[in-house]
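Enquirer: Sharing a structure here in structure tokens format.
Residue numbers (my numbering): 64 to 641.
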């Protein structure tokens, strides 16, 4: 090198102009001009990389680096085989990471920074490594002891002579550090491999979709290189939070929502509910309207549990009804619980929390509140306390309550603990210590499900027939209606199978059994071969009386029906008045 260039900086390393061109560049240009070898000179504006933090141009330096070969020892092939054996949720994650591994170059693992985990290698004058020396094991022991004693700085601060006694000239330590992705990819080794109380492989790795290129892949490559297998049995990928229009959140756009603000206004339950009610394998949208929708959802679920708490207040386990004695409606509810239990188990295994929540919410709103509770509220409020129908309802409601509270507890943690403590105030237990119970085989009954579906279809037809009278305010409640419909053979058979009487009055007022009118929430229902369609009559305009207790219309004298009179009499005879 000519003496005129010695000591000149290519890039300034200090002062106000640090990082800018040094004096060497201009001096080289002068030399080229002097010898007539400069062909052209000008200013060119280029688009080039900039640091996202400092906004300054990135200056590239050609420096030696350390790589892990993807092909020399078959690492790429091992990784692709391991990917095939791994479960991915969603399944598209498998193709995503496999394509990245198949097409990736050798893995660059070194970085030139002043802090980090050092690459503890010593290089000889001819490029040989200390790991190839006969005394490599003793050298590694000294390196390990220095790091144990002083931390990673022990590698940089310990003189080379202490690591390799009588070292020859030309040997030097590597000052590069490991890429942080290499660091994170080692977690499986020191979290699982060193502990005898844990399995050697993780059940599941969970992170965002960007980690197919990051942590998922670095962990996979390291584990395959050392152990020949993936460090995990499964990989679950989630999306990222965006605004309600699907845009990335940014302070400059003013579209951010703070979890802390949502927590203060609505509570942590709503945040968890929002996640459970979102498709987490893609980007999650959030906004004021979306949060409000989840607030409404929360209230509906809370009201369902609150209704059951009120109904079960004072329930005595001694009044439990055996499955064989349950009415058809209760057997149908248990059938649905058996189906939901099996589906819940499958969805939990598949980490499909969105469908779990949707299934439970629909069960609460469409099948319990709008159908089962709607039918059984009359029996709960008006039947004699110890009637079979009322006791059967409470028996099944107790089962529903415990299963729903347990299923919803992972999401609605505080609410389910509150309702559990309210239901069992004297028990030192928690809903979060309950296991997901299996459903007895006898609960599963497709025949009852088909019969109930026939009844529900007819119930829907009756509701449609009554609705015009509601809109015209001719009637306020369906109990003010009398229904006459065609005597459909499938309907009659389904009613018979379910133990539903086609007679609107109870044969035994002290122990009433279901009538078709009970299912339809009307006072009177009559089926006849003479009817070709459903006709609705307003009972207020007839000579029927309205029961002051159940609000049903009935034939006869008095203010209440025989069933209600029996219930009142039982209550009076079995209640102590202070």
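All residues carry an ideal CB built from backbone N, CA and C; glycine is no exception.
1) Work out the CA separation of residue 546 and residue 431 for me, nearest whole Å.
2) Let me confirm a value: residue 98 is counted as buried when at least 16 other C-beta atoms fall within 10 Å, else exposed. Which label applies?
3) List the endpoints of the continuous alpha helix (DSSP H) containing residue 476.
4) Using only the alpha-carbon positions, how far apart do residue 629 and residue 534 sit?
5) Start and end of the beta strand (DSSP E) containing residue 456?
6) Please identify the residue among 73, 486 and 480 whose C-alpha is closest to the C-alpha of residue 462.
7) In three-state terms, what does DSSP make of residue 241?
8) Short check: CB of residue 292 to CB of residue 477, under 8 Å?
9) Confirm, please, whether the CB-CB distance from residue 149 to residue 361 is below 8 Å.
10) Among the residues of its own chain, which have a CB less than 8 Å from the CB of residue 641, if the five just before and after it don't count?
11) Specify the secondary structure class of residue 139 as computed by DSSP and reduced to three states.
12) Ignore the nearest five residues each way along the sequence and tell me which others in residue 505's own chain have a CB closer than 7 Å to its CB.
13) Determine the contact status of residue 348 and residue 306, defining contact as a CB-CB distance below 8 Å.
14) Considering only the beta carbon of each residue, do residue 236 and residue 223 sit closer than 8 Å?
15) Do residue 216 and residue 173 count as a contact pair if the criterion is CB distance below 8 Å?
16) CA-CA distance, residue 288 and residue 165?
17) Hey, out of 90, 77 and 79, whose CA is closest to residue 69's CA?
18) Tell me the rounded alpha-carbon separation between residue 225 and residue 205.
19) Please list, in chain order, all residues of the same chain as residue 329 whose beta carbon is under 8 Å from its beta carbon, the five residues on each side excluded.
20) For residue 456, is the classification buried or exposed, using 16 other Cβ atoms within 10 angstroms of its Cβ as the cut-off for buried?
21) Does the structure place the stretch 387-404 close enough to the stretch 558-572 that three or more beta carbon pairs sit under 8 Å?
22) Can you grab the Cα-Cα spacing for the pair residue 377 / residue 458, in whole Å?
23) Just to confirm before moving on: does the CB-CB distance between residue 382 and residue 454 stay below 8 Å?
24) Please state whether DSSP places residue 433 in a helix, a strand or coil.
25) Across which residues does DSSP place residue 495 in a beta bridge pair?
26) Counting along the chain, where does the beta strand (DSSP E) carrying residue 549 start and finish?
27) DSSP has residue 270 in a bridge; who is on the other side?
28) Under 8 Å: do the stretch 542-559 and the stretch 511-522 share three or more Cβ pairs, one atom per stretch?
29) Here's the rule I'm using: 16 or more other beta-carbon atoms within 10 Å means buried, otherwise exposed. How should residue 464 be labelled?
Expert: Well, looking at it:
1) 24 Å
2) Classification of residue 98: exposed, given that the 10 Å Cβ count is below 16.
3) 476-486
4) 36 Å
5) That residue, residue 456, is in no beta strand (DSSP E); its alpha helix (DSSP H) goes 451-471.
6) 486
7) strand
8) No. Outside cutoff.
9) No, Cβ-Cβ distance for residue 361 and residue 149 is not below 8 Å.
10) Any reading at residue 641 needs caution, since the residue's pLDDT is 41, under 50, leaving its predicted position unreliable; the model's value is listed next. Answer for residue 641: no residue qualifies.
11) It is helical.
12) 386
13) Against a cut-off of 8 Å, the Cβ pair of residue 306 and residue 348 comes out as a contact.
14) yes
15) no
16) 15 Å
17) 90
18) 8 Å
19) 354 and 358
20) buried
21) yes
22) Looking at the two C-alpha atoms, the distance is approximately 12 Å.
23) yes
24) helix
25) Among the bridge pairs identified by DSSP, residue 495 is matched with none.
26) 544-549
27) 300
28) yes
29) buried
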